[in-house]
Every structure is written in structure tokens, then in C-alpha cells.
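Chains as they are written, first to last, in this note's numbering: chain E, 122 to 429; chain Y, 20 to 389.
Here a beta-carbon is modelled for each residue, glycine too, at the ideal position from N, C-alpha and C.
Fair warning: this is a prediction, and the values are worked out from it, not measured in the lab.
One structure is given below, encoded as C-alpha cells.
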């Protein structure tokens, strides 16, 4: 692929392409989790939701021939898993972190079970928009082949930012997350608000999964997601529950995740696995730098169990 | 929600007050801890039966083959116990920190690091007497796994990093380190298709319990679980840990060294999972490669929750779940179910067990009169 003309420039270009391509699942999961956590509950099960979303999107796209129906199916599957999480969490004395872990295992297991017959066939993929048509450099053109879902995610981030600040729904979610007593005193059901917030969060995470199977890497297999879901949950924490910061953080993560394959393509193969672990190491490093034992994080919803 | 987690962790120790020592009043709490998880398990099996029925299989066949594959013959018993051994150890990795109110889910990572450390020790000491090598492997495995989880505990204590997320991230980092080393500097050039380290040598394997095919790892697991039980419920250290888990502020006020408690407990927890890694190398695989990431660390989380974080209860629960995973092969061959069906069943059990937390203290006839 590299004809030598651009040499090591392949690496930054691939990282740029990766930042756009690989970041999309991170972006959707983190935006979804942002909504859920703002309502005062954490859903660690989004890793399972991501894998279920990827599987159902691929299956529906294969059966119907329409990748967009696949995306929708992934979203609905995610919302159902979100409803399951919220339903169990609304029982008394049930711990939301533990339920998340359970749904992570359940979602992955169910996806592997139902997805067994989908490993062989090829399903129609999502189309890409070519933003690099003006360039002669194939690597740059490859980097700028952008998927519509990425654009939707980019638009969604500022919309959510705005919605949290100004809309009725945004305020209700934040009230439930800051003080469930206040929300109850206003006559709203906290459980219902959290149910909806978790379902919307699951819907977005499911769509993030559909990107994995229908665009990049663009097939269904059991190694499709390795921790992207949980990384995205961690990402929300250091994005300070701010949808706009989630967008930047996701882009940084996508770039980090693309580093391993990019270096491999120019012949640096020695630390391949270590470079692949870059997003996890980056998450951990950022959490170490930004967290503090002495104070709660700024911007943290007061009802959230994980930050207390 | 943290207080709720602490409630249940605390409740394990505190059995109902014995003002009027009627039977139910004395044992009602204990009966609850058997009855409710048992009912949750039964409910999960029924739902799983319905699930396979949707795929045109007979649920009665399913239960029959599950029983056959898990406990039906001496052969399946041995298979079950072999799988239970690492599960006991990885469950301790979740159950010990739970006494402090911490949710550690990174047992898989500590298992991999423990396996890697144990293998390194064995390869460095080639030519020494087997007993020396084996003891060194145990020490290396425990220290490797222990430090790995202690890292998560330390980050929580000194940097306020959430231990649930950091321990899970460490699983992926551990896997990357393992792959890096077995494909790089530790690779045996003879392992072509499946990059692996060199073998630790047949003489250094820990072998089977006489008269069985079950390896000594099961004994390691039993000893570790009993030791953990004594540590938590019958020592001052364990009492301090449970106090800190119930109310961290009270613990600080009475002058308990919370940092030391967290680091020690996390080291022991990781050490248990690291020992599981050592056992898998020294009794099953004979070398380190990616096969070790078989999910024992994740199933261990389920075992710990089903056992309500009680180290003694972990033993029967690990045997039960070892049985479920042992029956996977038979379900695949006889019913044509995919290998992931065991994962689905584990997920359903986990969901039911957590939902059943809502039932404690609510079953009328167990309350007695007070």
C-alpha cells in the first residue's frame, strides 16, 4: 500500500482516519451513558449492549438487505437492554453497578449465542461519504471516507449539550441526578425518568454497536468489541458528564486506538499488542490525573453511586 | 446506592438478634441466604429452558444433559471439580474486596499476570528440583496477581479512581502484555500456529490428586477459601475490614488504617486470582498462551455474587458453576446448542440473583415474631 512517496506520513494520516472511524462507537456509547449517568444511575452493561447492537444490526441488515433497518434494530435492542437494567435497578436494595456487570456478561453471551450463524454470511454495509475526493493521495482519501453515523454523532453532542441546559427533559434528568428528593417533591417519578434515560442511553449504545458490524471493522465476529463499551463509560467520567467533552475525548480515543494498526502498516510490528492497548492505558492515565480522593469530581451528578 | 451495597455486605455477618431464641429467629437469616439464591437459580434455569424451547429444543433434555454433563458420572464430576478450582480462586478476587465495599471485577487480569509470572519463574529456575520450582511458581503467581489488583486498590485509595472501571481496564492491559510477551521475547520458536512460551517441563507440573484426574489446584482453592473465611470472620483484621466496609467514616474515627486495609485486602484478592493463573499453567496448559483468557475471571465475579461474597459459600457455588460450564460440551454435542449457551445461562443467573436482592427480609414466614 505504501509506495514510499509519503512514507511515515501514513501514520498521522491513519491516526486521523482512525480518530474519525474508530471514535464513532466510543462517541455513541459515551453520549448514551452521559444521559443515563446524568439521571443518577450508572449502566456498566453498555459493553454488552454494544455487542448485542452489533449482532442485531448485522443480522437484520443481512435478512432485510437494508443496513439502516439494522441500525434501527440495534437501537431498539439497546433500548430493551436499557429497560431491563432500569427495571431491575428500580427494585429495592439492588445495586446498579452489579446489575451492569451482569448485563455485560448477559449481553455478550446472548450476542454470541444468537450470532453464531452470522459469522459466515456477508451483510450489506452502511455507505460512506467521500470527503477526500479533491486529493490524489490514497491514504488521505481513505482517512476521509466518513460514515453518516459519525456525522450524526457529531451533531448530537452539541444538541445534547443544549438540551441538558435548556429543555424541560434535560432539566428533569438533571434534577433526578442531582437530588431525587427534589424531583419527587416536584411530583415526578424518579424511577420513570431514570428508566427513560437508561433506555435512550441503551438506544445510542446499540447504534454505536451497529457501526462496529456494519461499517468498521464491518463484519460480525466474537472478537468485535474488546472493551470499547467499558472504555466509553470511563470516558464519560473524565469528560465530566459534558456531551461536548465526550466528543473530543472520543476523537482522542479513536486516534489512540488507530495507532497500533497504523504503525503496523509502516512496518513497526514489535509493540503491536501494546499499541492496541493504548486506549485502555490512556483511559487509566487520564483517570489517574483527573480524579482526586479529596473531592468529588466537578460536574458529577450527586446521586451517582460510582463517584461517591 | 453505595450504602445499599454496604448494607448487604454488612448483613452477611449480622444474623438476626436473639432476643427470643426461636428457631426461625436464630436461623431465619441463614435460611434466607440459602433459599433466596436457590430460588433465583431455579428461576434462571426455567427462563433458560424457555429460551432454548424457542429454538426448538426440549427443555427436559436440556436439564437432563446439564445434569449428566455436570454431576451425572464420575468423569463429569472430575471435569466439574477441575473447572471449579480456578473459579473458587477468582471468586475470592471479587469477594475479599467486597468486604470493604469495593467492587473489583478484574480477576481475569490478575489471573493472566499470575500465569505469566509463574511461567517466568519456572522458566528461570529450569533444572532446579521440581518442588523448588513449584513453590517459586506459587509465590510468583500470588505476588504478580496481588500487585496487579493492589494497583487498582491503590488508585482508588490515593487517587480516587473508581476501582470497578480501573480493574476492568487492567484486564485488557494484562491481555495486551501477555500477547506482547508470548509473541515477542518469551515466545517459543517452535510454537508456530499458537504463539506460546516454552513449556515449564513435565516434572514441574503439579499433577493430580491420587486416584482422580482432578489436579491439586482444587486443594489450593479449598485452602484459600477456608483461609479467607477465617481471616474475614475470625480475626481482628477481618473485623476491621468489615467495619471499614460498613462505615468508612466510623472506621477512620476509631483509628483503623483504611489505606493499609485496602491495599492488603486487594493484594490477597489479586493473589488468589494470580494463584488461579499459576494453577492453570502448572496443572493444565503447561505453558502460557492466549488460551488462559478463558473467562474464569469473569465467571468468578458471578460466583462471588451468588455466594453473597461469603468465602465459604463460594466453594459450593463454584462447584455448581463449574458444573454448568462442564456441561457445555455435552449440550453442544447432544443438543447442538452453541458453546455460548453457557454464557447466556450465566448471564440469566446473574440477573436473577441480583434481582433477588430485593427479597431479603421480606419473606413473611422467615421473619418470626419480634
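By the criterion of a C-beta distance shorter than 6 Å, residue 399/E is surrounded in its chain by 377 and 380, once the five residues flanking it on both sides are discounted. The Cβ-Cβ distance between residue 196/E and residue 339/E does not fall below 8 Å. Between the region 358-375 of chain Y and the region 227-243 of chain E, the count of C-beta pairs closer than 8 Å reaches three or more; the two stretches touch.
If you draw a straight line from the Cα of residue 202/E to the Cα of residue 224/E, it is about 8 Å long. Taking residue 179/E as the centre and dropping the five residues before and after it, the same chain places the C-beta of 239, 244, 334 and 341 closer than 6 Å to its C-beta, in chain order. Ranked by how close their Cα comes to the Cα of residue 295/Y, the residues 111/Y, 50/Y and 69/Y have 111/Y in first place. Within the region 233-249 of chain E, the residues whose Cβ lies closer than 7 Å to some Cβ of chain Y are 233, 234 and 237, listed in chain order. Our two residues, residue 325/E and residue 280/Y, have alpha carbons roughly 40 Å apart in a direct line. For residue 406/E, the closest Cβ of chain Y is not nearer than 8 Å.
Under the three-pair Cβ rule at 8 Å, the region 170-190 of chain E does not count as touching the region 274-290 of chain E. Each residue's CA atom was taken as its position, placing residue 156/E and residue 353/E some 13 Å apart. For residue 389/E, no beta strand (DSSP E) run applies, since DSSP gives it neither H nor E. Under a 10 Å Cβ-count criterion, residue 279/E is classified as exposed, with fewer than 16 other Cβ atoms of the shown protein chains found around its own Cβ. In this chain, the beta strand (DSSP E) harbouring residue 251/E covers 249-251.
Using a Cβ distance threshold of 8 Å, residue 151/E and residue 357/E count as a contacting pair. Under the three-state reduction of DSSP, residue 161/Y is assigned to helix.
Counting only Cβ-Cβ distances below 7 Å, residue 347/E has contacts in chain Y at 191, in chain order. Boundaries of the alpha helix (DSSP H) around residue 136/E: 131-142. With contacts defined as CB atoms closer than 8 Å, residue 313/Y and residue 108/Y fail to qualify as a contacting pair.
Spanning the alpha carbons of residue 139/E and residue 149/E requires a straight line of approximately 16 Å.
Exposed is the label assigned to residue 268/Y, since fewer than 16 other Cβ atoms lie within 10 Å of its Cβ. Using a CB distance cut-off of 8 Å, residue 391/E counts as an interface residue toward chain Y.
Residue contact check for residue 314/E against chain Y: no CB pair falls below 8 Å. For residue 170/Y, the closest alpha carbon among the candidates 195/Y, 151/Y, 95/Y and 128/Y is that of 128/Y. Chain-order list of chain Y residues neighbouring residue 230/E: 359, 362, 363, 365 and 366, by C-beta distance under 7 Å. Residue 234/Y is bridged by DSSP to 227/Y.
Taking 8 Å as the upper bound for CB-CB distance, residue 285/Y and residue 196/Y are not in contact here, some 19 Å apart. Contact with chain E is found for residue 176/Y, since one of that chain's Cβ atoms lies less than 8 Å from the residue's Cβ.
Around the beta carbon of residue 42/Y, fewer than 16 other beta carbons sit within 10 angstroms, so the residue counts as exposed. Sequence-distant Cβ neighbours of residue 228/Y in its own chain, meaning closer than 8 Å and more than five residues away, are 234, 235, 237 and 238. Shown here for residue 74/Y: not one same chain residue has a beta carbon closer than 6 Å to its own, the five before and five after excluded. Of the candidates 130/E, 422/E, 392/E and 403/E, 130/E places its Cα closest to the Cα of residue 260/E. Taking a contact as a CB-CB distance under 8 Å, the pair residue 424/E and residue 161/E counts as one, their CB atoms being some 3 Å apart.
Within the region 121-140 of chain Y, those residues whose Cβ lies closer than 8 Å to any Cβ of chain E are, in chain order, 122 and 124. Separation of the CB atoms of residue 375/E and residue 142/E is rounded to 7 Å, and the pair is thereby assigned contact status at 8 Å. Counting only runs of 4+ residues, the alpha helix (DSSP H) found wholly inside the region 290-323 of chain E occupies 301-306, in chain order.
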